[in-house]
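Written out below as structure tokens is the structure these notes cover.
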Amino acid sequence: MHILGYSSQFVEYINDIMTEYNCFESPALYHWSHAEPSSWKRAYQRHLPESHNWIGLNWVDLLKVFQTEPIGIKGCLNYGLKNVAKTFYKHGYIKSIWDNGSSCTDGADAAVGAYRVDKETRKNNVSFKSDPLAQEIIKYNEVDCKVLQEIIAYLRNNHIDPDEDLDNS
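Residues 22 to 190, numbered by my numbering, are exactly what the sequence shown covers, in order.
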């Protein structure tokens, strides 16, 4: 399976979650900075007309929350996701962190690597997931998602009024 198939699976997954929980509005999709919604928009435009059935997504930029709310983290010098997550990890606020030994060190590496792997696996007619670099990219992105989830959970459990939510920022 290649990128278009994974995009369709993602949309199907979101639709299934919405059905399971009787959710009539698109659920919040937390991200850090503009990369995810920008990439999604480009993929949507690239894959017309197949992408017409993709749902509108409710993107919530956690970076904007950190930039607009009075959040200070001892030892954190900027609000890049890696810096925030590593500082949260150091303080014991989250449990997940990226593998220092991976060749995939940031989102740009992941994006460029995914493009190269997709091109190569299409040419060789093999599965994207079968490529070793794809496995590193998948693991890197899983940790990206996990640290976001853990940061949100930490903030909700320790610093947010239960009547408020990050979505309203």
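Don't be surprised by glycine CBs; every beta carbon is placed ideally from N, CA and C. No experiment lies behind these values; they were computed from the predicted model shown.
F149 is classed as buried because its beta carbon has at least 16 other beta carbons within 10 Å across all chains shown. DSSP places L84 in the helix class (H, G or I) of the three-state scheme.
A distance below 8 Å between beta-carbons, with the five flanking residues on each side excluded, links F45 to the following residues of its chain, in chain order: M39. The region 43 to 111 contains, as complete alpha helix (DSSP H) runs of 4+ residues, the segments 56 to 67, 83 to 89 and 102 to 111 (chain order).
When the Cα atoms are used, P153 and K160 turn out to be separated by approximately 11 Å. The C-beta distance from Y51 to L169 rounds to 5 Å, short enough to meet the 8 Å contact threshold.
Secondary structure at D127: coil, using DSSP grouped into helix, strand and coil. With a threshold of 16 other beta carbon atoms within 10 Å, L78 meets it and is buried. The Cβ atoms of I158 and C125 sit closer than 8 Å to each other.
Per the Cβ contact rule, the region 88 to 103 is not in contact with the region 133 to 148 (fewer than 3 Cβ pairs under 8 Å). The beta carbons of A106 and I118 sit closer together than 8 Å. In the displayed model, D165 falls within a helix according to three-state DSSP. In this structure, the beta-carbon distance from L84 to S59 does not fall below 8 Å.
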